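Chemist:
Protein chains: 2
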Amino acid sequence: MRQKHNIDDILENGIELLREKGYNNTGVEEILKINHIPKGSFYNFFESKEDFALKALEKYVQKQFGYIVSLLGNRSVSPVERLKKFYTDMIEFNSNEDCAKGCLLANLTQELGGTNPKFSDAGKKHYEKIGSLIAACVAEGQMSGEITDKFEASQLACFIHNSFNGAVLRSKAGHSTHPMVTYMDIMFDLIKK
Amino acid sequence: MRQKHNIDDILENGIELLREKGYNNTGVEEILKINHIPKGSFYNFFESKEDFALKALEKYVQKQFGYIVSLLGNRSVSPVERLKKFYTDMIEFNSNEDCAKGCLLANLTQELGGTNPKFSDAGKKHYEKIGSLIAACVAEGQMSGEITDKFEASQLACFIHNSFNGAVLRSKAGHSTHPMVTYMDIMFDLIKK
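So the protein lines, in turn, are chains A and B.
Under my numbering, the letters of the first sequence match residues 1 to 193, in that order.
Under my numbering, the letters of the second sequence match residues 1001 to 1193, in that order.
1) Report yes if the C-beta distance between Ile1130 (chain B) and His1161 (chain B) is below 8 angstroms; otherwise report no.
2) What is the C-beta distance between Lys1193 (chain B) and Asp1149 (chain B), in whole angstroms, given that I count them as a contact (C-beta under 8 angstroms)?
3) For Ile1147 (chain B), write down the residues that DSSP places opposite it in a beta bridge.
4) Excluding five sequence neighbours on each side, which residues of the same chain lie with their C-beta closer than 7 angstroms to the C-beta of Lys55 (chain A)?
5) Quick one: is Tyr43 (chain A) buried, meaning 16 or more other Cβ sit within 10 Å of its Cβ, or exposed?
6) With a CB to CB cut of under 6 angstroms and the five nearest residues on each side skipped, what residues in its chain are close to Leu1156 (chain B)?
7) I think Lys1021 (chain B) touches Gly123 (chain A), with their Cβ atoms under 8 angstroms apart; what is that distance to the nearest whole Å?
8) With DSSP run on the structure shown, which of helix, strand or coil describes Asn194 (chain A)?
9) Any Cβ of chain B within less than 8 angstroms of the Cβ of Phe159 (chain A)?
10) Can you give me the Cβ contacts of Asp9 (chain A) inside the same chain, cut-off strictly under 6 angstroms, excluding the 5 residues immediately before and after it?
11) Would you report the Cα separation of Glu1050 (chain B) and Thr1177 (chain B), rounded to the nearest angstrom?
12) Is there a Cβ from chain A that is less than 8 angstroms from the Cβ of Phe1188 (chain B)?
13) Helix or strand or just coil, what does DSSP make of Phe37 (chain A)?
14) Mind listing the chain A neighbours of Ser1120 (chain B)? Cutoff is C-beta to C-beta under 7 angstroms, in chain order.
15) How long is the line joining the alpha carbons of Lys1084 (chain B) and Leu71 (chain A), rounded to whole angstroms?
16) In the DSSP assignment, the alpha helix (DSSP H) including Val77 (chain A) goes from what residue to what residue?
17) Which chain B residues sit within Cβ distance under 7 angstroms of Gly27 (chain A)?
18) Can you find a C-beta in chain B that's less than 8 angstroms from the C-beta of Ser163 (chain A)?
19) Near Val1061 (chain B), which residues of its chain fall below 7 angstroms by C-beta distance, leaving aside the five closest residues on each side in sequence?
20) Just to confirm the assignment, what range does the alpha helix (DSSP H) spanning Phe164 (chain A) have?
21) Nearest CA to the CA of Glu152 (chain A): which residue from B:Asn1025, B:Cys1099, B:Tyr1183 and B:Arg1082?
22) Thinking C-alpha only, which one of B:Ile1091, B:Lys1033, B:Ile1031 and B:Asn1024 is nearest Asp1185 (chain B)?
23) Give the residues of chain B in contact with Asn24 (chain A), contact being defined as C-beta atoms less than 7 angstroms apart.
24) Measuring straight from C-alpha to C-alpha, what distance separates Thr88 (chain A) and Met187 (chain A)?
25) Please confirm if Gly166 (chain A) has its CB atom under 8 angstroms from at least one CB of chain B.
26) Return helix, strand or coil for Thr115 (chain A), following the three-state DSSP convention.
27) Using Cβ-Cβ distances below 9 angstroms, what residues of the segment 96-111 of chain A are close to chain B?
28) Kindly indicate the opening and closing residues of the alpha helix (DSSP H) around Asn1025 (chain B).
29) Suppose contacts are defined by Cβ-Cβ distances below 8 angstroms. Is Asn165 (chain A) in contact with Gly1166 (chain B) by that definition?
30) As a quick exercise: from B:Val1080, B:Leu1018, B:Ser1144 and B:Lys1039, pick the residue whose alpha carbon is nearest that of Glu111 (chain A).
31) Distance check for Leu1108 (chain B) and Tyr1023 (chain B), CA to CA, integer angstroms please.
32) For a contact defined as C-beta to C-beta under 8 angstroms, what are the partners of Leu1156 (chain B) on chain D?
33) Listed in chain order, which residues of the segment 1064-1090 of chain B have Cβ atoms closer than 7 angstroms to some Cβ of chain A?
34) Tell me the rounded alpha-carbon separation between Val1181 (chain B) and Asn1094 (chain B).
35) Shortest alpha-carbon distance to Phe86 (chain A) belongs to which of A:Tyr67, A:Ser132, A:Leu57 and A:Glu29?
36) For the segment 1028-1048 of chain B, list every residue whose C-beta sits within 9 angstroms of some C-beta in chain A, in sequence order.
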């Protein structure tokens, strides 16, 4: 039977709060409030707000991994079409939120990665794992002749994904999907063989 | 004669604080402390912390503009070499800071652009101005046959600059210039004609 104060629910709610408001603008009181839990319960689950945010990030990324593996590993679709679907889905997701929230991994890396070693390390670990999934798909595209083979798959994957994060960031200024749509138009034209 | 509490000095110190710590992690008390000014002086210059950050951003971007205009407008160097110098200089700058701080415009857009209309609007305005300077250089490169003319200069400039911001963001995770160096290797190969 499901516990009343489930750590998964607290993290899920936390992910949304952190995506919207960022780390430093989210107080523990607010996390307690949206979850209807007392402070004691929070500190039963988490050592600190930092611990909570790292666990929320871990959960967020795990969910992303599951989605990316199923999408980018789907060999019934061409590698380029898989990559296009991956980024198009993210554009749609961001568009539905008026480009206001973005990616939790990118947000926390930007906000804390430079000054907090735990978030720098977590960001590196998560990005490397996501990068390897994208690289496998890029390598397939290079083998099948769809994607330029002028660069190592892992480097090109890094370039493709980081560049998308830059477009998502830019989309927050003015709440417009335009930078992400421009990304799609140009990136997939440039990387084709 | 120079005033003791000069608004320019307060903003300069503020820029560094905001770049390092972000908006929500920077308190007014800290701004007073590094500038050795009383609260009253701060509120003589600024309506609020938000007003202070918007003015600091304005000052930061104005300085960037001056640099970009002189660099990208230098017709004694080829358009592609100018663009390469622009981004190489930024990589060196970030490298000297252990990739810990990044760009204030990108940081504030990421942290606040989604939820605070003033920062969303400011980000849009500043990015459009920077974009137009880059676009002029890209257009020159297209005219001279150095840069692909498959895309509108303004769109390609947006893609080039947003993608670099994504690389800077990624560089905070693990404090490595590697994503920025990869950006240089791949971007300037892909956009050449």
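Even for Gly, the Cβ is constructed at its ideal location relative to N, Cα and C.
Values in this document were obtained by computation on a predicted structure and should not be read as measured data.
Modeler: Here's the rundown:
1) Taking 8 angstroms as the Cβ cut-off, Ile1130 (chain B) and His1161 (chain B) qualify as a contacting pair.
2) Contact flag correct, Cβ pair sits at about 7 angstroms.
3) BP columns for Ile1147 (chain B) point to B:Lys1192.
4) For Lys55 (chain A), where only same-chain residues beyond five positions count, the Cβ hits under 7 angstroms are Leu11 and Phe46.
5) So Tyr43 (chain A) counts as exposed.
6) Only Val1138 meet the Cβ criterion.
7) Between Gly123 (chain A) and Lys1021 (chain B) the Cβ distance is about 17 angstroms, and since that is not below 8 angstroms, they are no contact.
8) The structure shown does not extend to residue 194 (chain A), since chain A is modelled only from 1 to 193, so the question has no answer here.
9) Output row for Phe159 (chain A): interface = yes.
10) Apart from the 5 residues on each side of it in sequence, Asp9 (chain A) has no Cβ closer than 6 angstroms to any other Cβ in its chain.
11) Within the model, the alpha-carbon separation for Glu1050 (chain B) versus Thr1177 (chain B) is close to 31 angstroms.
12) It does not: the Cβ of Phe1188 (chain B) has no partner Cβ on chain A nearer than 8 angstroms.
13) In the sequence as displayed, the identity of residue 37 (chain A) is Ile instead of Phe. The answer is coil: DSSP assigns Ile37 (chain A) none of H, G, I, E or B.
14) Simply Lys172, Ala173, Gly174 and His175.
15) Rounded to whole angstroms, Lys1084 (chain B) to Leu71 (chain A) spans 35 angstroms at the Cα level.
16) Taken as a continuous stretch (DSSP letters only), Val77 (chain A) belongs to no alpha helix (DSSP H), as it is neither H nor E.
17) Going along chain B, no residue has its Cβ under 7 angstroms from Gly27 (chain A), so there is no contact; the nearest lies around 10 angstroms.
18) It does; some Cβ of chain B falls within 8 angstroms.
19) Excluding positions up to five away in sequence, the list reads Leu1105 and His1126.
20) If you look at Phe164 (chain A), you'll find it in the alpha helix (DSSP H) that goes Ala153 to Lys172.
21) The alpha carbon of Glu152 (chain A) has as its nearest neighbour, out of B:Asn1025, B:Cys1099, B:Tyr1183 and B:Arg1082, the alpha carbon of B:Tyr1183.
22) Taking Asp1185 (chain B) as reference, the option from B:Ile1091, B:Lys1033, B:Ile1031 and B:Asn1024 with the minimal CA-CA separation is B:Ile1091.
23) Within chain B, the residues near Asn24 (chain A) are Gly1022, Asn1024 and Asn1025.
24) Rounded to the nearest angstrom, the gap between the Cα atoms of Thr88 (chain A) and Met187 (chain A) is 12 angstroms.
25) Yes, Gly166 (chain A) counts as interfacial toward chain B.
26) Three-state result, Thr115 (chain A): coil.
27) Answer in chain order: Glu97, Asp98, Cys99, Ala100, Lys101, Gly102, Leu105, Ala106, Asn107, Thr109, Gln110 and Glu111.
28) Per DSSP, Asn1025 (chain B) lies in no alpha helix (DSSP H) and is assigned neither H nor E.
29) Yes.
30) Per the Cα distances, B:Leu1018.
31) The alpha-carbon atoms of Tyr1023 (chain B) and Leu1108 (chain B) are separated by roughly 7 angstroms.
32) This model lacks chain D altogether, as its protein chains are A and B.
33) If the cut-off is 7 angstroms between Cβ atoms, the segment 1064-1090 of chain B has nothing near chain A.
34) Going from the Cα of Val1181 (chain B) to the Cα of Asn1094 (chain B) covers about 12 angstroms.
35) Of the listed residues, the one whose Cα sits closest to Phe86 (chain A) is A:Tyr67.
36) Hits within the stretch: zero.
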